[in-house]
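Protein sequences appear in the order of chains A and B. Mapping of the first sequence onto the working numbering: position 172 corresponds to residue 172, and the numbering continues sequentially without gaps. Counting the second sequence from 1 gives a position; the working numbering is that position plus 1000. Positions of the beta carbon are idealized from the N, C-alpha and C atoms, including for glycine. Every value quoted in this text rests on a predicted model; they were computed, and no experiment measured them. Inspection log for the structure reproduced underneath, given as structure tokens.
Number of protein chains: 2
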Amino acid sequence: MTNFQITVPEGDATPIPTDAPGVQLHPAPFEAVVALLRRGIERLAAAEEFPRLVIPPVIPRSLVERAGYVKAFPQLLGTVHSFTGTAAEWKDLAPHAVEGGAWDSAQRASDLVLLPAACYPVYAGLAGRELAEPERFAVEGQCFRQEATSETGRLRTFRMVELVTAGTEEHCLAWRATWLEAVAGWLRGMSLKVETEVADDPFFGPTRRLFQAAQRKQELKYELKVPVADGLVQAIASANFHKDHFGEAFGFTSQGAPGNTACTAFGIERIALALLHAHGTRPSEWPEAVIRSIAEGS
Amino acid sequence: MTNFQITVPEGDATPIPTDAPGVQLHPAPFEAVVALLRRGIERLAAAEEFPRLVIPPVIPRSLVERAGYVKAFPQLLGTVHSFTGTAAEWKDLAPHAVEGGAWDSAQRASDLVLLPAACYPVYAGLAGRELAEPERFAVEGQCFRQEATSETGRLRTFRMVELVTAGTEEHCLAWRATWLEAVAGWLRGMSLKVETEVADDPFFGPTRRLFQAAQRKQELKYELKVPVADGLVQAIASANFHKDHFGEAFGFTSQGAPGNTACTAFGIERIALALLHAHGTRPSEWPEAVIRSIAEGS
């Protein structure tokens, strides 16, 4: 064990926009808040044993197909395409490879998609197993969603930390209830105004309303909502119960039945934005008690 | 300032492969090495003032067009595509949204590409400026390159930290020489076997050899090469001089002439793999002196 310090550098933590909506650069003071949040979640999770995995921002296409993401959310998925032609084929396109140019006609879909949620590779890793005891994982990844509108916090690329469990229905429901409470308590400890709400996912197509109504009726998704800007309240964390959706999709079982899963998801940029909104854009000037409550996870 | 500890957890740090070549998950002991490397680079950079920016894994397409990346390396670029059709159009594709299904025929190129190198947004940020003094930046981003072959360390998605400067030719050349030396010293301090070589970039098309020969003749690129597996030596860091390429492309000047730029790039996964190869796959068992030399940047 080696001793280091996380310092919160002076200066404005406000993210820097790019020419693309929902895509931003993060200065050092913002990243210090991210480091504190990671630390806090780690502490919060210390009560249970969560093996940790860092997930890359691109994953196999087959994985989101199998998980049902393509079917449910085609409008949000980013697919990775590339040029696989010959040098002779590129010769015709090369003159168009300038700003605003139409050089992309030969781009073809690759074997990869952008990561839509950090937890999918975990379910793939359970494929074919019978879980004698509940499994747990802590994952972090940079996710992508092709949002149609842009506002503060509605990012297309953002970091998500998730605590995930798989096991029986009974285990997953009890686990989710515990975590919903724990996360709300942590966020309130940072002096954020948290409201807990039953929520639904942005399904696509004519069956959208049906799926959303079913999801709400069964209370599968709870969101923790907090102001992230003046007059703008967004979900900064959620606690989800997937029933046996992933157990069926990836073929793992618990007590002989398709495995159930649950997860608690933290939207890292949104929590940071909520903190900037509540305490000001210069984290080095935040009260020591706020810094401590973020990093100590209690 | 708050005190925390970076602990190196017990266990095997070996990355976990996915079904896609060059795309891997990272367990906690690997991430501890990444945290130590970040810390070391931060210390190494403390002699100069480098404002820090974290770059997202997707950036505006216009930026790589303007930087000349599309023209030079079309075979490596990943473009982000999405479905922008209506629910009625999706109805025909939805039945194919299963594993291995052909649901992607209506994917269209978006305004985003995958980040090919962490430094591009910095040059865009200098657009239109006359630099009275040299500018400096420290950037980190998760980069993507559509590599055609796979071997240990030849990842398609990987983290890159870069130290970047912009100013006159004289400044950039002297800065690069200093950093080439400093980084080689840091890597040798970790007991890695480092060789410094003049190198070139994997340009595409019939003019490839010409560009590579010119790049070598002018010694624009130096690579620091280290064994990352048995019989496999790879570049784990580089020191680059771009002449006025980005000054011309983005329209910034120094002393009235197009600005010159230079950068030192650290391939984070490759340095970590070189360390695992040299010291074993369990970082918690590495000698304390190795851990210290990584994290102290000297």
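Item                                                                                                                       : Value
Contact with chain A by B:M1001, beta-carbon distance below 7 Å                                                            : Residue placement at B:M1001 is poorly supported in this model, since its pLDDT is 41, which falls under 50; the coordinates are not used for a value here.
A:V54 - containing beta strand (DSSP E), residue span                                                                      : R52 to I55
Enclosing alpha helix (DSSP H) for B:K1091 [first to last residue]                                                         : A1087 to L1093
Where A:V198 falls, given that 16 or more other Cβ within 10 Å makes a residue buried                                      : exposed
Inter-residue spacing [alpha-carbon to alpha-carbon] between B:R1270 and A:S150                                            : 36 Å
Rounded straight-line distance, which links the Cα of B:P1202 to that of B:A1072                                           : 8 Å
Beta-carbon proximity of A:A118 to A:G85, cut-off 7 Å                                                                      : no
C-alpha distance - A:L131 paired with A:R156, whole-angstrom precision                                                     : 35 Å
CA-to-CA distance, A:K221 to A:W186, given in whole angstroms                                                              : 19 Å
Buried or exposed by the 16-neighbour rule on C-beta atoms within 10 Å, applied to A:P74                                   : buried
Interface flag, A:D19 vs chain B, CB-CB below 7 Å                                                                          : yes
Buried or exposed by the 16-neighbour rule on C-beta atoms within 10 Å, applied to A:I55                                   : buried
CB contact check: B:I1294 to chain A, cutoff 7 Å                                                                           : no
Within the region 21-55 of chain A, ranges of the beta strand (DSSP E) (whole runs, at least 3 residues)                   : 24-27 and 52-55
Beta-carbon gap between B:L1112 and B:C1143 smaller than 7 Å                                                               : no
Neighbour flag for A:I271 against chain B, beta carbons, 7 Å                                                               : no
Cβ pair count under 8 Å reaching 3, the region 1037-1053 of chain B against the region 26-36 of chain A                    : yes
Under 9 Å (Cβ pairs) to chain B, residues found in the region 24-53 of chain A                                             : Q24, L25, H26, P27, A28, F30, E31, V34, A35, L36, R39, P51, R52 and L53
In chain order, each beta strand (DSSP E) run of at least 3 residues that lies wholly inside the region 182-232 of chain A : 195-199 and 221-229
Near-chain A residues of the region 1198-1232 of chain B (beta-carbon distance less than 7 Å), N- to C-terminal order      : F1204, G1205 and P1206
Short CB-CB distance (under 7 Å) between B:W1090 and chain A                                                               : yes
Exposed unless 16 or more other CB atoms sit within 10 angstroms - verdict on A:V92                                        : Sequence check: residue 92 of chain A is Asp here, not Val. With fewer than 16 other Cβ atoms within 10 Å, it is exposed.
Burial state of A:A138, where buried means 16 or more other Cβ atoms lie within 10 Å                                       : buried
Distance cut-off 6 Å: A:A265 Cβ against heavy atoms of the ligand COA                                                      : Of ligands this structure carries none, so the ligand COA is not represented either.
Straight-line gap, B:F1246 to B:Q1234 (C-alpha atoms, nearest Å)                                                           : 27 Å
Cβ separation of B:V1228 and B:T1152, assumed to be a contact under 8 Å, to the nearest whole Å                            : 6 Å
Any chain B beta carbon closer than 7 Å to A:V70                                                                           : yes
Where the region 138-164 of chain A meets chain B: residues whose CB sits under 8 Å from a CB there                        : Q142, F144, Q146, R156 and T157
At least 3 beta-carbon pairs within less than 8 Å: the region 175-190 of chain A vs the region 38-47 of chain A            : yes
Beta-carbon neighbours of B:D1111, restricted to chain A and to distances below 7 Å                                        : A20
Through-space distance from B:K1217 to A:C263, alpha-carbon basis                                                          : 55 Å
One or two residues paired with A:V139 in a DSSP bridge                                                                    : A:L53 and A:E162
Under 8 Å by beta carbon: chain A residues contacting B:T1079                                                              : V80, H81, S82, D104 and Q107
With 16 other Cβ atoms within 10 Å as the buried cut-off, status of B:R1108                                                : exposed
Neighbour-count burial assignment, B:P1095, 16 or more Cβ in a 10 Å radius                                                 : exposed
For B:E1170 and B:A1177, the rounded distance between their alpha carbons                                                  : 11 Å
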